[in-house]
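I have placed the structure first, in the form of structure tokens, so that the comments after it can refer back to it.
Number of protein chains: 4
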Amino acid sequence: MTPDELAWRCAEVMWADDTASQKMGMVLNRVATGTATLSMPVRDDMTNGHGTAHGGFIFALADSAFAFACNSRNERTVAQACDIVFSAPAHQGDLLVAAATERHRFGRNGIYDVRVTCGDQIVAEFRGRSRAVGGAHIDC
Amino acid sequence: MTPDELAWRCAEVMWADDTASQKMGMVLNRVATGTATLSMPVRDDMTNGHGTAHGGFIFALADSAFAFACNSRNERTVAQACDIVFSAPAHQGDLLVAAATERHRFGRNGIYDVRVTCGDQIVAEFRGRSRAVGGAHIDC
Amino acid sequence: MTPDELAWRCAEVMWADDTASQKMGMVLNRVATGTATLSMPVRDDMTNGHGTAHGGFIFALADSAFAFACNSRNERTVAQACDIVFSAPAHQGDLLVAAATERHRFGRNGIYDVRVTCGDQIVAEFRGRSRAVGGAHIDC
Amino acid sequence: MTPDELAWRCAEVMWADDTASQKMGMVLNRVATGTATLSMPVRDDMTNGHGTAHGGFIFALADSAFAFACNSRNERTVAQACDIVFSAPAHQGDLLVAAATERHRFGRNGIYDVRVTCGDQIVAEFRGRSRAVGGAHIDC
Numbered sequence: 107m108t109p110d111e112l113a114w115r116c117a118e119v120m121w122a123d124d125t126a127s128q129k130m131g132m133v134l135n136r137v138a139t140g141t142a143t144l145s146m147p148v149r150d151d152m153t154n155g156h157g158t159a160h161g162g163f164i165f166a167l168a169d170s171a172f173a174f175a176c177n178s179r180n181e182r183t184v185a186q187a188c189d190i191v192f193s194a195p196a197h198q199g200d201l202l203v204a205a206a207t208e209r210h211r212f213g214r215n216g217i218y219d220v221r222v223t224c225g226d227q228i229v230a231e232f233r234g235r236s237r238a239v240g241g242a243h244i245d246c
Numbered sequence: 107m108t109p110d111e112l113a114w115r116c117a118e119v120m121w122a123d124d125t126a127s128q129k130m131g132m133v134l135n136r137v138a139t140g141t142a143t144l145s146m147p148v149r150d151d152m153t154n155g156h157g158t159a160h161g162g163f164i165f166a167l168a169d170s171a172f173a174f175a176c177n178s179r180n181e182r183t184v185a186q187a188c189d190i191v192f193s194a195p196a197h198q199g200d201l202l203v204a205a206a207t208e209r210h211r212f213g214r215n216g217i218y219d220v221r222v223t224c225g226d227q228i229v230a231e232f233r234g235r236s237r238a239v240g241g242a243h244i245d246c
Numbered sequence: 107m108t109p110d111e112l113a114w115r116c117a118e119v120m121w122a123d124d125t126a127s128q129k130m131g132m133v134l135n136r137v138a139t140g141t142a143t144l145s146m147p148v149r150d151d152m153t154n155g156h157g158t159a160h161g162g163f164i165f166a167l168a169d170s171a172f173a174f175a176c177n178s179r180n181e182r183t184v185a186q187a188c189d190i191v192f193s194a195p196a197h198q199g200d201l202l203v204a205a206a207t208e209r210h211r212f213g214r215n216g217i218y219d220v221r222v223t224c225g226d227q228i229v230a231e232f233r234g235r236s237r238a239v240g241g242a243h244i245d246c
Numbered sequence: 107m108t109p110d111e112l113a114w115r116c117a118e119v120m121w122a123d124d125t126a127s128q129k130m131g132m133v134l135n136r137v138a139t140g141t142a143t144l145s146m147p148v149r150d151d152m153t154n155g156h157g158t159a160h161g162g163f164i165f166a167l168a169d170s171a172f173a174f175a176c177n178s179r180n181e182r183t184v185a186q187a188c189d190i191v192f193s194a195p196a197h198q199g200d201l202l203v204a205a206a207t208e209r210h211r212f213g214r215n216g217i218y219d220v221r222v223t224c225g226d227q228i229v230a231e232f233r234g235r236s237r238a239v240g241g242a243h244i245d246c
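Right, dumping it as structure tokens:
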């Protein structure tokens, strides 16, 4: 199994369990070692009365991309802390894409950057800090 | 109208429009000048297969409390950036409570702290940075 | 020894070693369990040509207050991550005061808030995340 | 004048005024549009008794790199907020290098990432949020 195949296998196991991401309508577009891309259309139940997406759903998409990226080496890893900067609103019907990349790993810690876009527009920049907690997703 | 009545009136206007917070099952428990408390039960569609809440929903609750607190003076105000530290997991059926308090206002900017709890347990600490964008919620 | 006496004893040991804080002209005003207050005058070598303090020195004062607060229980503890919001400039000759308070401790982790003021003016709001690394400052 | 020449001219004006960065022994290695690299040796007056650099000086180096990067387009720009994750200690005698890159600009706001290294070792990851305040560094 190559590292990227391993990343995909870990993602399948996580995804099967991740009711929340499924119910929000996320799609797992790509996973490889240290990286993951997910997309999600903004539904009407994710917006306020003006059709603007609630920041919680933008965060949730970024957070899921972060989770798949930081678990891609088959070490169970959790989010410790995250920050997000909102740079443009998202609207009902928009397809949001969150691309997570690994910035730095040290000891059991990791730093991941996630950019959330809608077409050419950057909607948010997210940074997550992870910590490996022991255990694996799959036996190999 | 007292400042706290004004805060409540602004919250009513915002709430009527806030489909997302309503659909997540949030309840607006308290609003006053610079502060707001919301609660939300963790539903099964907010969890992964092990019954643990997705961080996005914990963030969303904190973000809504932040929004009601920073808009409580009848100045339209948006979230610029937020950070969250997760200190304990939440589980299906937990009632989460997010209490937002104002830490500092300067110029058009504000800093708000939101603590998310489940009973005596602190689930997350959130800090939001807001910016007033002009305009009011209600005429007065 | 009371918890606050212990906090003071830990601070004395740390201070004796902390050449950097001493050379920046910091003074340790107060230490107790989970809290510390330090002050520092802004010297001309801490400013730019317009007499405004470099953000690094404002951060350094807050970071030192954070360090004394999070080490006040005689467990060796380090800074993992910090964020700072600058709300007003500081100037040459200003006496800055940084007051650190404990917000939350969970497992080996802690969250501390530090407010940096000059008189009535809030200059910066800092939040630090700590991690205990094992070992003690003093035998007791 | 090319954009990179403009960046360099802005940096020269800022540097001439930046007593603090000069006195900390920083050297401006490179400036171009949206990016800047500075270096600084860790002096003994920047450390504690064990020869480990105070986090304030690591932050200060990153903050200066951020400042030169976000002012490189001849628009006066200030730091609003910054966060830093410390991943490895720095020691007396180490030469620290901080490389700032532009991540996103929107309206008057910017997000810059700064990596602080010592040789191959990543010492810290810093993210700064800037805001243009009007005015220019040089007439052109």
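Protein chains in written order, with our numbering: chain E, 107 to 246; chain F, 107 to 246; chain L, 107 to 246; chain Y, 107 to 246.
Glycine included, each C-beta is placed from N, C-alpha and C at the ideal position.
Note that the structure is predicted; figures quoted are calculated from it, not measured.
* Residues that DSSP places opposite Leu-202 of chain E in a beta bridge -> Looking up residue 202 of chain E in the first sequence gives position 96. Looking at the DSSP assignment, Leu-202 of chain E forms a beta bridge with E:Met-146.
* Quick one, which residues of the stretch 223-243 of chain L are near chain E if we go by CB-CB under 8 Å, in chain order? -> Arg-235
* **Residue closest to Met-120 of chain E, alpha-carbon to alpha-carbon, out of F:Glu-208, F:His-156, F:Ser-170** => In the first sequence, counting from the first residue as 1, residue 120 of chain E sits at position 14. Per the Cα distances, F:His-156.
* Whose Cβ in chain L lies nearer than 8 Å to the Cβ of Ala-187 of chain E? -> Sequence index remark: in the first sequence, residue 187 of chain E carries index 81 (1-based). By Cβ distance, chain L contributes Ala-187, Arg-235.
* Three-state class that DSSP yields for Asp-189 of chain Y in the structure shown -> Stepping through the fourth sequence from its first residue, residue 189 of chain Y is reached at position 83. Looking at Asp-189 of chain Y - three-state DSSP - the assignment turns out to be strand.
* When the cut-off is 8 Å and only beta carbons count, does Val-191 of chain F lie next to chain E? -> Position 85 of the second sequence, counting from 1, holds the residue named residue 191 of chain F. It does; some Cβ of chain E falls within 8 Å.
* To do: Starting from the Cα of Ala-113 of chain Y, find the closest Cα among Y:Arg-182, Y:Thr-153, Y:Asp-151, Y:Asp-169 and give me that residue.
  => On the fourth sequence, position 7 is the one that residue 113 of chain Y refers to. Ranking the options by Cα distance to Ala-113 of chain Y, first place goes to Y:Arg-182.
* How about Thr-143 of chain L: is its C-beta nearer than 8 Å to some C-beta of chain Y? -> Position 37 of the third sequence, counted from the start, is the residue given in the question as residue 143 of chain L. No, Thr-143 of chain L lies away from the interface with chain Y (no Cβ there is under 8 Å from its Cβ).
* **Short Cβ contact (8 Å threshold) for Tyr-218 of chain F with Ala-175 of chain F** => For the purposes of this step, residue 218 of chain F is taken as the residue at position 112 of the second sequence. For the purposes of this step, residue 175 of chain F is taken as the residue at position 69 of the second sequence. A contact, by the Cβ cut-off of 8 Å.
* To do: Express the C-alpha separation of Asp-123 of chain L and Ala-230 of chain E in angstroms, rounding to a whole number.
  => As a position in the first sequence, residue 230 of chain E is number 124, starting the count at 1. As a position in the third sequence, residue 123 of chain L is number 17, starting the count at 1. Whole-angstrom Cα-Cα distance: 42 Å.
* Nearest to Val-184 of chain Y (by Cα), restricted to the options L:Ala-159, L:Pro-109, L:Gly-199, L:Thr-141 -> Here residue 184 of chain Y is taken as the residue at index 78 of the fourth sequence, counted from 1. Cα-wise, what sits closest to Val-184 of chain Y is L:Ala-159.
* Asked: Are any of the Cβ atoms in chain E nearer than 8 Å to that of Asp-178 of chain F?
  -> Taking the first residue of the second sequence as position 1, residue 178 of chain F is located at position 72. The amino acid at residue 178 of chain F is misidentified as Asp; the sequence shows Ser. Closer than 8 Å: no.
* Phe-172 of chain L CB to nearest chain F CB: under 8 Å? -> Numbered from 1 along the third sequence, position 66 holds the residue referred to as residue 172 of chain L. No, Phe-172 of chain L lies away from the interface with chain F (no Cβ there is under 8 Å from its Cβ).
* Cβ neighbours of Ala-238 of chain L in the same chain (closer than 6 Å, five flanking residues each side left out) -> One-based indexing of the third sequence puts residue 238 of chain L at position 132. Same-chain partners within the cutoff: Glu-181, Thr-183, Arg-214.
* What's the call for Ala-117 of chain Y, buried or exposed, on a 16-neighbour Cβ count within 10 Å? -> Indexing the fourth sequence from 1 puts residue 117 of chain Y at position 11. Classification for Ala-117 of chain Y: buried.
* To do: With 8 Å as the threshold, decide whether the Cβ of Arg-209 of chain L is near any Cβ in chain F.
  => One-based indexing of the third sequence puts residue 209 of chain L at position 103. Yes, its Cβ sits closer than 8 Å to a Cβ of chain F.
* To do: For the alpha helix (DSSP H) holding Ile-164 of chain L, just list the boundary residues, first then last.
  => Your numbering for residue 164 of chain L matches position 58 in the third sequence. Unbroken alpha helix (DSSP H) run through Ile-164 of chain L: 161-176.
* To do: Measure the Cβ-Cβ separation of Gln-186 of chain L and Ser-236 of chain L and say whether it is below 8 Å.
  => Position 80 of the third sequence holds residue 186 of chain L. Position 130 of the third sequence holds residue 236 of chain L. Their beta carbons are under 8 Å apart, which means Gln-186 of chain L touches Ser-236 of chain L by this criterion.
* Run the CB neighbour count on Leu-201 of chain Y, radius 10 Å, all protein chains shown included, and call it buried at 16 or more, exposed below. => Here residue 201 of chain Y refers to the residue found at position 95 when the fourth sequence is read from its first residue. It is exposed - the Cβ of Leu-201 of chain Y has fewer than 16 other Cβ atoms within 10 Å.
* Given a cut-off of 8 Å, decide if Gly-131 of chain F and Met-146 of chain F are closer than it, judged by their beta-carbon atoms. => Mapped onto the second sequence, residue 146 of chain F falls at position 40. Mapped onto the second sequence, residue 131 of chain F falls at position 25. Yes.
* To do: Taking only the alpha-carbon atoms, compute the straight-line gap between Ala-168 of chain L and Ser-170 of chain Y and give it to the nearest angstrom.
  => Your numbering for residue 168 of chain L matches position 62 in the third sequence. Your numbering for residue 170 of chain Y matches position 64 in the fourth sequence. Taking the straight line from one Cα to the other gives about 18 Å.
* Asked: Quick one, are the C-beta atoms of Val-148 of chain F and Ala-196 of chain F less than 8 Å apart?
  -> Taking the first residue of the second sequence as position 1, residue 148 of chain F is located at position 42. Taking the first residue of the second sequence as position 1, residue 196 of chain F is located at position 90. Taking 8 Å as the Cβ cut-off, Val-148 of chain F and Ala-196 of chain F qualify as a contacting pair.
* To do: May I ask you to report which of helix, strand or coil DSSP gives Ala-126 of chain E?
  => What you label residue 126 of chain E is simply residue 20 of the first sequence in a count that begins at 1. Ala-126 of chain E falls in the helix class under three-state DSSP.
* Where Glu-208 of chain F sits in the DSSP three-state scheme -> If you number the second sequence from 1, residue 208 of chain F lands on position 102. Of the three classes helix, strand and coil, the one that applies to Glu-208 of chain F here is strand, per DSSP.
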